[in-house]
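Report on one structure; see the data block that follows.
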Amino acid sequence: MKSFFYVLNWKKIKRFLLITAAAVFAIGVVYIERDQITVFSDGAPSAIYSVPTDKKIIALTFDISWGDTRPGPIIQILKDKNVRKTTFFLSSPWSKSHPDIVKDIKDSGFEIGSHGHKHVNYTTLSDEEIRNQISIANSVLTDMTGNEPKLLRLPNGDFDKRVLRIAENMNYKVIQWDTDSLDWKNIGVENIVERVVNKAHPGDIVLLHASDSSKQTHKALPIIIDELRKQGYEFVTVTELINQTEIKGKEVRDQALE
562 MKSFFYVLNW KKIKRFLLIT AAAVFAIGVV YIERDQITVF SDGAPSAIYS
612 VPTDKKIIAL TFDISWGDTR PGPIIQILKD KNVRKTTFFL SSPWSKSHPD
662 IVKDIKDSGF EIGSHGHKHV NYTTLSDEEI RNQISIANSV LTDMTGNEPK
712 LLRLPNGDFD KRVLRIAENM NYKVIQWDTD SLDWKNIGVE NIVERVVNKA
762 HPGDIVLLHA SDSSKQTHKA LPIIIDELRK QGYEFVTVTE LINQTEIKGK
812 EVRDQALE
């Protein structure tokens, strides 16, 4: 009898662990606040840094907030290298001032996400101001591209639980990054390449910039693309990255419930 209950309890424990693992796998996101890292439970607000996958897929992302000399060369490199599955996060003031570049990004087939309106830390704003900033950018990008953005990268990557909750209520997924190229610091072409290539992993989201302040990205980008391809990586948009994880998460949950 004791042995019977031991087996029964172990089956319950195993089932619980499988379902719990499936839930975490399906979420695939973490929220970082200061020095703490917390995995949120299903349904809680969260930011996406990377996704759990065994596939060698990676998402290159580019933020643009100012300038008109860097986007063109970067867009052309992506075209020449046949990397069309890339995600650009555009601020709305910059987009309004550079409609031709926004059109080029859209017509080239690149994914477009929102980088908000004013380039300020949203954690310093009131709830109403946060909603207003997201809403203005949403309207501008929707009008200019014909598609409503579903992804949001907050200015300076700054957020807290309150900002995440508001973004989620406005049907946005907040996108961070797991690999920071530090191209915005202009640390040198070799250093930018090394950071991305050495830190890259399956399901990774890479932070790059196409603003004029990032003066070395266009020189590092061709090398980054070639080196990642040598490692067997395939480039995907952020949405594609998320979608394949959600599908995999469903498969794991279904298996756990069998």
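To get the working numbering, take the position in the sequence shown, counting from 1, and add 561.
Glycine included, C-beta positions come from ideal geometry on N, C-alpha and C.
Everything numeric in this text was worked out from a predicted model, so none of it was measured.
Apart from the five residues just before and just after residue i, which ones in its own chain have a Cβ nearer than 7 angstroms to its Cβ?
| i | result |
| --- | --- |
| residue 653 | 678, 697, 698, 701 and 702 |
| residue 750 | 777, 780 and 781 |
| residue 763 | 614, 615, 616, 617 and 618 |
| residue 728 | 695, 713 and 735 |
| residue 804 | none |
With residue i as the anchor, note down where its beta strand (DSSP E) starts and where it stops.
| i | result |
| --- | --- |
| residue 622 | 618-625 |
| residue 648 | 648-651 |
| residue 765 | 765-770 |
| residue 797 | No beta strand (DSSP E) contains residue 797, which DSSP labels as neither H nor E. |
| residue 736 | 734-736 |
Once DSSP output is grouped into helix, strand and coil, what is the label at residue i?
| i | result |
| --- | --- |
| residue 674 | strand |
| residue 596 | Bear in mind that a pLDDT of 30 at residue 596, under 50, signals an unreliable position, so the model cannot answer this. |
| residue 608 | strand |
Would you mind sorting residue i into buried or exposed? The rule is 16 or more other CB atoms within 10 Å of its CB.
| i | result |
| --- | --- |
| residue 645 | exposed |
| residue 710 | buried |
| residue 685 | exposed |
| residue 765 | buried |
For residue i, which of the options has the nearest alpha-carbon?
| i | options | result |
| --- | --- | --- |
| residue 783 | 615, 606 and 634 | 634 |
| residue 656 | 793, 772 and 738 | 772 |
| residue 681 | 754, 717 and 736 | 717 |
| residue 626 | 606, 608 and 650 | 650 |
| residue 623 | 693, 792, 790 and 639 | 639 |
May I ask which residues mark the beginning and end of the alpha helix (DSSP H) holding residue i?
| i | result |
| --- | --- |
| residue 789 | 778-791 |
| residue 667 | 660-668 |
| residue 692 | 688-706 |
Less than 8 angstroms between CB atoms is the rule here; does residue i satisfy it with respect to chain B?
| i | result |
| --- | --- |
| residue 797 | Included in the structure is just one protein chain, with no chain B present. |
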